[in-house]
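Counting with my numbering, you get residues 67 to 199 for the letters of the sequence shown.
Ideal Cβ positions, reconstructed from N, Cα and C, are used throughout, including at glycine.
It should be emphasised that the depicted structure is a prediction, and the values quoted were computed from it without experimental measurement.
Note sheet for the following structure.
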Amino acid sequence: MATLTPKQIEVAQLLAGGMNITDTSKDAGVTRPTIYSWLKTNDDFLAYLNSLKAEQIDAVRIQLEALSTLAVDTLTAIMKNSADDRARISAAKEVLCMAGFNGKRTALFTAGITADEVAKNKRADAFLDSLSL
67 MATLTPKQIE VAQLLAGGMN ITDTSKDAGV TRPTIYSWLK TNDDFLAYLN
117 SLKAEQIDAV RIQLEALSTL AVDTLTAIMK NSADDRARIS AAKEVLCMAG
167 FNGKRTALFT AGITADEVAK NKRADAFLDS LSL
């Protein structure tokens, strides 16, 4: 990878941080046409920008994975403790959907399984349909 200029690095970091091209141009002191040119013709610049964006996506994915346990715990608490039937049913449906029982399960998971399992999936789908609020 060719070496990027300090301005290219700054611009890539601003863009990866969510700043639009106009504001990036003003902050970095680089013209908008120059930024557009880098985006269209400079593969090293674009690769660096994409790597910064990928790092951000990975960081968000890690945060979401860490929060998923809390989300399931929250849904479980609502299912067990809420006085509101609609809230309990909604939480239960969400948990079932996360487990793959979302009405599309039969179509997605019927290949290569037994007739008994297909019948169970259909009963689960029918049950979920009956819970519609």
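State the DSSP-derived secondary structure class of residue 197, mapped to helix, strand or coil.
Sequence index remark: in the sequence shown, residue 197 carries index 131 (1-based). The three-state reading of DSSP puts residue 197 in coil, since its state is none of H, G, I, E or B.
Cβ contact check for the region 112-122 and the region 81-97: 3 or more pairs under 8 Å
The region 112-122, when compared against the region 81-97, does touch it at the 8 Å Cβ threshold.
Say whether the region 130-137 touches the region 95-102, bearing in mind that this needs 3 or more beta-carbon pairs closer than 8 Å, one atom from each stretch.
No, the region 130-137 is not in contact with the region 95-102.
Where are the alpha helix (DSSP H) runs, 4 residues long or more, that stay fully inside the region 92-148, in chain order?
Taking only runs of at least 4 residues, the alpha helix (DSSP H) segments lying wholly in the region 92-148 are 98-107, 109-147.
Taking the alpha-carbon of residue 69 as reference, which of 191, 164, 127, 108 has the nearest alpha-carbon?
Mapped onto the sequence shown, residue 69 falls at position 3. When each option's Cα is compared against that of residue 69, the closest is 108.
For residue 140, does the count of other Cβ atoms within 10 angstroms reach 16, so buried, or fall short, so exposed?
As a first step, residue 140 must be located in the sequence shown, where it is residue number 74. When all chains shown are included, residue 140 counts as exposed.
So, for residue 190: in the same chain, excluding its five sequence neighbours on each side, which residues have a beta-carbon less than 6 Å away from its beta-carbon?
Position 124 of the sequence shown holds residue 190. 167, listed in sequence order.
Excluding the 5 residues preceding and the 5 following residue 104 in the sequence, name in chain order all residues of the same chain whose CB lies nearer than 8 Å to its CB.
One-based indexing of the sequence shown puts residue 104 at position 38. The beta carbon of residue 104 is closer than 8 Å to those of 74, 77, 111, 112 in its chain, skipping five residues each way along the sequence.
Check whether residue 162 and residue 136 have beta carbons under 8 Å apart:
As a first step, residue 162 must be located in the sequence shown, where it is residue number 96. As a first step, residue 136 must be located in the sequence shown, where it is residue number 70. The Cβ-Cβ distance between residue 162 and residue 136 does not fall below 8 Å.
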